[in-house]
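**Q**
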Amino acid sequence: MVIPAQFDAKQVEQKWYQYWMENNFFRSVPDERKPYTIVIPPPNVTGVLHMGHMLNVTIQDVLIRRARLKGLNACWVPGTDHASIATEAKVVAKLREQGINKNDLTREEFLKHAWEWKEEYGGVILDQLKKLGASCDWERTKFTMDPEMSQQVIKLFVDLYNKGLIYRGYRMVNWDPEAKTTLSDEEVIYEERQGKLYHVKYQIEGTSDYLTIATTRPETILGDSAICINPNDERYQHLKGKNAIVPICNRVVPIIFDEYVDMEFGTGCLKVTPAHDVNDKELGERHNLEIIDIFNADATLNDLGLHYKGKDRFVVRKEIETELAAIGALDKVENYLNNVGTSERTKAVIEPRLSDQWFLKMEELAKPALDAVMTTEDVKLYPSRYNSTYRSWLENIRDWNISRQLWWGHQIPAFFYGDGKEDFVVAETKEAALELAKAKTGKADLTVADLKQDEDALDTWFSSWLWPMSVFNGLIDPENEEFKYYYPTNDLVTGPDIIFFWVARMIMAGYEYTGVQPFTNVYFTGIVRDKQRRKMSKSLGNSPDALGLIDKFGADGVRVGLLLSASAGNDILFDEELCAQGKAFTNKVWNAFRLIQGWEVSDALEQPETAKVSLAWYEAKLQKTLVEIEDHFAKYRISDALMAIYKLVWDDFCSWFLEMIKPGYQQPIDRATYTKAIELLEENLKLLHPFMPFLTEEIWQHINARTADQALVISSWPETKAFDENVIKEFEFTMEVIAGIRTIRKDKNISFKDTIDLKIINNEKISTYFDSVISKLGNVTSMEYVNDQVSGALSYRVKSNEYFIPMEGNVNVEEEITKLEEELKYLKGFLKSVQGKLSNEKFVSGAPEQVVANEKQKEADALAKIATIEHSLAGLK
Numbered sequence: 001m002v003i004p005a006q007f008d009a010k011q012v013e014q015k016w017y018q019y020w021m022e023n024n025f026f027r028s029v030p031d032e033r034k035p036y037t038i039v040i041p042p043p044n045v046t047g048v049l050h051m052g053h054m055l056n057v058t059i060q061d062v063l064i065r066r067a068r069l070k071g072l073n074a075c076w077v078p079g080t081d082h083a084s085i086a087t088e089a090k091v092v093a094k095l096r097e098q099g100i101n102k103n104d105l106t107r108e109e110f111l112k113h114a115w116e117w118k119e120e121y122g123g124v125i126l127d128q129l130k131k132l133g134a135s136c137d138w139e140r141t142k143f144t145m146d147p148e149m150s151q152q153v154i155k156l157f158v159d160l161y162n163k164g165l166i167y168r169g170y171r172m173v174n175w176d177p178e179a180k181t182t183l184s185d186e187e188v189i190y191e192e193r194q195g196k197l198y199h200v201k202y203q204i205e206g207t208s209d210y211l212t213i214a215t216t217r218p219e220t221i222l223g224d225s226a227i228c229i230n231p232n233d234e235r236y237q238h239l240k241g242k243n244a245i246v247p248i249c250n251r252v253v254p255i256i257f258d259e260y261v262d263m264e265f266g267t268g269c270l271k272v273t274p275a276h277d278v279n280d281k282e283l284g285e286r287h288n289l290e291i292i293d294i295f296n297a298d299a300t301l302n303d304l305g306l307h308y309k310g311k312d313r314f315v316v317r318k319e320i321e322t323e324l325a326a327i328g329a330l331d332k333v334e335n336y337l338n339n340v341g342t343s344e345r346t347k348a349v350i351e352p353r354l355s356d357q358w359f360l361k362m363e364e365l366a367k368p369a370l371d372a373v374m375t376t377e378d379v380k381l382y383p384s385r386y387n388s389t390y391r392s393w394l395e396n397i398r399d400w401n402i403s404r405q406l407w408w409g410h411q412i413p414a415f416f417y418g419d420g421k422e423d424f425v426v427a428e429t430k431e432a433a434l435e436l437a438k439a440k441t442g443k444a445d446l447t448v449a450d451l452k453q454d455e456d457a458l459d460t461w462f463s464s465w466l467w468p469m470s471v472f473n474g475l476i477d478p479e480n481e482e483f484k485y486y487y488p489t490n491d492l493v494t495g496p497d498i499i500f501f502w503v504a505r506m507i508m509a510g511y512e513y514t515g516v517q518p519f520t521n522v523y524f525t526g527i528v529r530d531k532q533r534r535k536m537s538k539s540l541g542n543s544p545d546a547l548g549l550i551d552k553f554g555a556d557g558v559r560v561g562l563l564l565s566a567s568a569g570n571d572i573l574f575d576e577e578l579c580a581q582g583k584a585f586t587n588k589v590w591n592a593f594r595l596i597q598g599w600e601v602s603d604a605l606e607q608p609e610t611a612k613v614s615l616a617w618y619e620a621k622l623q624k625t626l627v628e629i630e631d632h633f634a635k636y637r638i639s640d641a642l643m644a645i646y647k648l649v650w651d652d653f654c655s656w657f658l659e660m661i662k663p664g665y666q667q668p669i670d671r672a673t674y675t676k677a678i679e680l681l682e683e684n685l686k687l688l689h690p691f692m693p694f695l696t697e698e699i700w701q702h703i704n705a706r707t708a709d710q711a712l713v714i715s716s717w718p719e720t721k722a723f724d725e726n727v728i729k730e731f732e733f734t735m736e737v738i739a740g741i742r743t744i745r746k747d748k749n750i751s752f753k754d755t756i757d758l759k760i761i762n763n764e765k766i767s768t769y770f771d772s773v774i775s776k777l778g779n780v781t782s783m784e785y786v787n788d789q790v791s792g793a794l795s796y797r798v799k800s801n802e803y804f805i806p807m808e809g810n811v812n813v814e815e816e817i818t819k820l821e822e823e824l825k826y827l828k829g830f831l832k833s834v835q836g837k838l839s840n841e842k843f844v845s846g847a848p849e850q851v852v853a854n855e856k857q858k859e860a861d862a863l864a865k866i867a868t869i870e871h872s873l874a875g876l877k
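The numbers in the sequence shown follow the UniProt record's numbering, run straight up by one, and end at 877.
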């Protein structure tokens, strides 16, 4: 088989992915093997591949491919999330382009358009994951709104409602005026923004006096119901029982007193707008204040906004400032740094809004989930520093607002039969709801037509929190074979930003419905940032085209580049150079394989001693590295595992081992050495395969003609065997000996083609096991162990061993002596300076500990160099 000079990533990637798929290597069904299960964090159906996905999916693929090689029944379930807010926004935008207004459509008509959009664009990201090499069981692909998945969501809602855990309440919620839906607390992102603090004058009724009140939102003045003052504030005792007049709308409102008000903030007076602030709402309830809602759903002002009706809240903010100034009601305006809540999805500024919503009680659900991580450790978080974050959230958990004012999603299974707030029943179907409504009302003549289902959809996360169970139909048929075999799953790989949205809630659902954890380990990836530590985003223009990177560096190169710097939980400062490094490694491995395959093999040659000891060393080194790799994987140090393999292959295999066994120019290699070298190469390929699947399969298939059941993807992980640690230590010493010879050759301009002699004083009592390697790689004609120093030679030390290279015929001895004496003079002067500092008690006692330690290290280095030079001079004179 002809081996190309260059590794063609594009051709190789397409060829082998198709081959793996055609042979169902990613397919998993229950059998007698131990299962290893991962469920993919379902990307939004609107999504396209970005750097975060690439990192997350690569780590999952490494884990699943390694599990497959270790003989486990590896099952990686892919899928997508319906992403209510994002998808509805995409569909609405597309309809707008077609001249269609969503409000002119029925729910059914809109959903028809939404499903068409999903069918056209929804699979894009999954196809892109295949380009990266993701070895998912694609036959198991799930979508959170598949019929079976939806049925489980509705069943769960009904069950939780019947348990008294889901309730409907009139509450102050986070309102996204762009998506026109409520959000949970976790979906609100707070940002520091530069705003203004407006000092507004409110006239006291019946007088010419004013109260000045500071606000960051002057547009909400039109919704004011009261002025509030701390009852202990001596400045305002005379205002008890008085009223104030709200400027512009001239509404007369009471002046109330409540200890909630901070006397030290602003003027100590607070405007109370119960419809637009959660704290004001509580004040309003305590003091029976009027609720005046001035906003429409899109945050434009309604009829109560007077002449500002129909205008956006931020436009009104500017205009009302002007009007307040014009009527003399604006005292002053100051710059003010404000903490502003924004929508995690649309980035719109959140409005607090009173609304009837559905909530899930979380306190009882949270208890077993908290114990699972903090007490029993049935679920382990990596890195463990996230334990405190997890605990803090669960210990302070609030009820989850699970309803959304959207059409795309799971429609809430609540059916209203009257106009009252309590005139509803909850059931999985309309038919079941009808029977409940008849029983509740006593009206036997009720029909399905009398029922109206709640218009709202469930929060997208309400389906995602069931994911490890629902993908195996575990909530409908908990006794089914697949659910019993694959659940609980093993590892979850995700970002720490959804530890609340998703991870904690999945654990809660798992314990509530199965009594066990949904997964055992959670590996948190870092966030991919640019070199300036900025989070990558389209708006900043700092997010590279993920597919473009694969096209440029190859999937293997990108995978290696990402993972080399992706330690658990730590952010990655992404640079394309990382991928270039990954591509360089790909080429290094490919060229090493080409080198081996290019050797002529002879059955007549005996195996040389050099090859025997080289093979023994590399086998030991591979086994030691394998132990390290297993430890790294056990601790979810994926980056460290890759680095250990990288060093083994690049440094030990390519740079040392192949050089040690390489035959002479145009000479053949013996069969025994070649065969063993191929075996060791194959072991390397197995270690590399989870990280570099395409390259390794290509080389594997080039080595020998393989049948489908011999493919690398389903081969076996290297076995751990006993190894001789002394062989490794002795070779590390040998490396230094060879490095010393090479340094002298380079410094003294002695050609590497010219042979040299080497004499050794073996103070370390090192064995002669690797002498043949020293001879070969140092091009040493003879090695002699001596007891005394050798004159007329350059020397160097490795620990206490002394090595002498006779210089006769190689260098000008007089010039070398002069050069070494000049260097010795400089070093002695430098040493004197350093020792002068260290003998100064004031310096030693006053300088930082690290500074003193640095000076001591300089002293030690200088003494060592002086000893080496003096040693060399003694040998030359």
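For each residue, glycine too, the CB sits at the ideal point set by N, CA and C.
Fair warning: this is a prediction, and the values are worked out from it, not measured in the lab.
Ignore the nearest five residues each way along the sequence and tell me which others in residue 878's own chain have a CB closer than 7 angstroms to its CB.
**A** Within the shown structure, residues of the chain are numbered from 1 to 877, placing residue 878 beyond reach of any answer.
**Q** Just to confirm before moving on: does the CB-CB distance between LYS90 and TRP117 stay below 8 angstroms?
**A** Translated into the one-based positions of the sequence shown, residue 90 becomes position 90. Translated into the one-based positions of the sequence shown, residue 117 becomes position 117. In this structure, TRP117 lies closer than 8 angstroms to LYS90 by Cβ.
**Q** Please give me, in chain order, every unbroken run of the beta strand (DSSP E) with length at least 3 that falls completely inside the region 97-183.
**A** The region 97-183 contains these whole beta strand (DSSP E) runs: 166-176, 181-183.
**Q** For a test of your reading of the model: does the CB of VAL773 fall under 7 angstroms from any non-hydrogen atom of the ligand FAD? Yes or no.
**A** Judged by which ligands are present, the structure shown has none, so any question about the ligand FAD falls away.
**Q** For ILE227 versus ALA244, is the C-beta distance shorter than 8 angstroms?
**A** For the purposes of this step, residue 227 is identified with residue 227 of the sequence shown, where counting begins at 1. For the purposes of this step, residue 244 is identified with residue 244 of the sequence shown, where counting begins at 1. In contact: ILE227 and ALA244 (Cβ atoms closer than 8 angstroms).
**Q** What does the alpha-carbon distance come out to for the pair ILE40 and ILE294?
**A** As a first step, residue 40 must be located in the sequence shown, where it is residue number 40. As a first step, residue 294 must be located in the sequence shown, where it is residue number 294. Approximately 44 angstroms, taken between the alpha carbons.
**Q** Between the C-alpha atoms of ILE507 and GLU609, what's the straight-line distance to the nearest angstrom?
**A** On the sequence shown, residue 507 is found 507 positions in, with the first residue counted as 1. On the sequence shown, residue 609 is found 609 positions in, with the first residue counted as 1. Cα-Cα distance, rounded: 59 angstroms.
**Q** What residue ranges within the region 664-734 form continuous alpha helix (DSSP H) runs of no fewer than 4 residues, ordered along the chain?
**A** Whole alpha helix (DSSP H) segments, 4+ residues: 671-688, 693-703.
**Q** Taking the alpha-carbon of GLU435 as reference, which of THR586, PHE415, LEU626 has the nearest alpha-carbon?
**A** Numbered from its first residue, the sequence shown carries residue 435 at position 435. Answer by Cα proximity: PHE415.
**Q** Pop quiz: LYS621 and LEU648 are said to be a contact at Cβ under 8 angstroms. What is the actual Cβ separation, rounded to whole angstroms?
**A** By 1-based counting over the sequence shown, the position of residue 621 is 621. By 1-based counting over the sequence shown, the position of residue 648 is 648. About 7 angstroms; that satisfies the 8 angstroms criterion.
**Q** Does VAL29 pass the burial test, meaning 16 or more other C-beta atoms within 10 Å, or should it be called exposed?
**A** Start at 1 with the first residue of the sequence shown, and residue 29 comes out as number 29. So VAL29 counts as exposed.
**Q** Excluding the five sequence neighbours on either side, which residues of its own chain have a C-beta within less than 7 angstroms of the C-beta of PHE752, listed in chain order?
**A** Against the sequence shown, residue 752 aligns to sequence position 752. Excluding positions up to five away in sequence, the list reads ARG745, ASN779.
**Q** Looking at C-beta atoms only, is the number of pairs between the region 781-790 and the region 722-734 that lie closer than 8 angstroms three or more?
**A** The answer is no - the region 722-734 does not touch the region 781-790, with fewer than three Cβ pairs under 8 angstroms.
**Q** Determine the DSSP secondary structure at ARG797, reduced to helix, strand or coil.
**A** Numbered from 1 along the sequence shown, position 797 holds the residue referred to as residue 797. Strand at ARG797.
**Q** Looking at the unbroken beta strand (DSSP E) that takes in VAL426, where does it start and where does it end?
**A** In the sequence shown, the residue the question calls residue 426 occupies position 426. It spans 424-426 - the beta strand (DSSP E) in which VAL426 sits, taken as one unbroken run.
**Q** Throw me the rounded Cβ distance for the ILE204 and ILE229 pair, which I believe falls under 8 angstroms.
**A** Within the sequence shown, numbered from 1, the residue matching residue 204 stands at position 204. Within the sequence shown, numbered from 1, the residue matching residue 229 stands at position 229. Their Cβ separation, rounded to whole angstroms, is 12 angstroms, which puts ILE204 and ILE229 out of contact at 8 angstroms.
**Q** Identify which residue in ARG313, ASP861, GLU259 has its Cα closest to the Cα of ALA299.
**A** By one-based count along the sequence shown, residue 299 stands at place 299. ALA299 has its Cα closest to that of ARG313, out of ARG313, ASP861, GLU259.
**Q** Smallest Cα separation from TYR19: which of PRO693, LYS759, LEU873?
**A** Within the sequence shown, numbered from 1, the residue matching residue 19 stands at position 19. Ranking the options by Cα distance to TYR19, first place goes to PRO693.
**Q** Which word fits ASN174, buried or exposed, when buried means at least 16 other C-beta atoms lie within 10 angstroms of its C-beta?
**A** Reading the sequence shown from its first residue, position 174 is the one you call residue 174. Buried, since its Cβ has 16 or more Cβ neighbours within 10 Å.
**Q** State the DSSP-derived secondary structure class of ASN387, mapped to helix, strand or coil.
**A** Along the sequence shown, read from residue 1 onward, the residue named residue 387 stands at position 387. In this structure, ASN387 counts as helix in the three-state DSSP scheme.
**Q** The alpha helix (DSSP H) spanning TRP16 covers which residue range?
**A** Here residue 16 refers to the residue found at position 16 of the sequence shown. That run of the alpha helix (DSSP H) goes 9-22.
**Q** Nearest-angstrom Cα distance between PRO468 and ASP185?
**A** Within the sequence shown, numbered from 1, the residue matching residue 468 stands at position 468. Within the sequence shown, numbered from 1, the residue matching residue 185 stands at position 185. Distance between the alpha carbons of PRO468 and ASP185: 24 angstroms.
**Q** Out of LEU360, GLU815, LYS443, which one is the CA nearest neighbour of SER403?
**A** For this step, residue 403 is matched to residue 403 along the sequence shown. The option with the nearest alpha carbon to SER403 is LEU360.
**Q** Provide the residue(s) that pair with ASN288 in DSSP beta bridges, ordered along the chain.
**A** Translated into the one-based positions of the sequence shown, residue 288 becomes position 288. According to DSSP, which records beta bridges pairwise, ASN288 is partnered with nothing at all.
**Q** Three Cβ pairs or more, each shorter than 8 angstroms: is that satisfied between the region 389-408 and the region 417-428?
**A** No: the two stretches stay apart, fewer than three of their Cβ pairs being nearer than 8 angstroms.
**Q** Work out the CA separation of ASN232 and ASP280 for me, nearest whole Å.
**A** The residue you call residue 280 lines up with position 280 of the sequence shown. The residue you call residue 232 lines up with position 232 of the sequence shown. Using only the alpha carbons, I get a separation of about 19 angstroms.
**Q** For GLY557 and LYS759, what's the separation of their Cα atoms in angstroms?
**A** One-based indexing of the sequence shown puts residue 557 at position 557. One-based indexing of the sequence shown puts residue 759 at position 759. Whole-angstrom Cα-Cα distance: 45 angstroms.
**Q** Could you please give me the residues that DSSP links to ILE40 through a beta bridge?
**A** Translated into positions along the sequence shown, residue 40 becomes position 40. The partner list for ILE40 (beta bridge, DSSP) is empty, contrary to what the question assumes.
**Q** Are the Cβ atoms of LEU451 and LYS430 separated by less than 8 angstroms?
**A** Working through the sequence shown from its first residue, we reach residue 451 at position 451. Working through the sequence shown from its first residue, we reach residue 430 at position 430. Their beta carbons are under 8 angstroms apart, which means LEU451 touches LYS430 by this criterion.
**Q** Alpha carbon to alpha carbon, how far is VAL528 from PRO718?
**A** On the sequence shown, position 528 is the one that residue 528 refers to. On the sequence shown, position 718 is the one that residue 718 refers to. One C-alpha to the other measures close to 32 angstroms.
**Q** Report yes or no: do the region 350-366 and the region 153-165 share at least 3 C-beta pairs separated by less than 8 angstroms?
**A** Short answer: they touch.
**Q** My understanding is that ASN490 touches ILE38, with C-beta atoms under 8 angstroms, so please give their C-beta distance in whole angstroms.
**A** By 1-based counting over the sequence shown, the position of residue 490 is 490. By 1-based counting over the sequence shown, the position of residue 38 is 38. Contact holds; Cβ gap of about 7 angstroms.
**Q** Can you tell me which of the three DSSP states THR346 falls into?
**A** Residue mapping note: residue 346 aligns to position 346 of the sequence shown, counting from 1. Three-state result, THR346: coil.
**Q** For VAL153, is the classification buried or exposed, using 16 other Cβ atoms within 10 angstroms of its Cβ as the cut-off for buried?
**A** Taking the sequence shown and counting its residues from 1, the one referred to as residue 153 is at position 153. Answer is buried; the Cβ neighbour count reaches 16.
**Q** Rounded to a whole number of angstroms, what is the C-alpha to C-alpha distance between MET51 and LEU563?
**A** As a working mapping, residue 51 is identified with position 51 in the sequence shown. As a working mapping, residue 563 is identified with position 563 in the sequence shown. Distance between the alpha carbons of MET51 and LEU563: 12 angstroms.
**Q** Counting beta carbon pairs with one atom in the region 499-519 and one in the region 362-371, are three or more of them shorter than 8 angstroms?
**A** Yes: the two stretches touch, three or more of their Cβ pairs being nearer than 8 angstroms.
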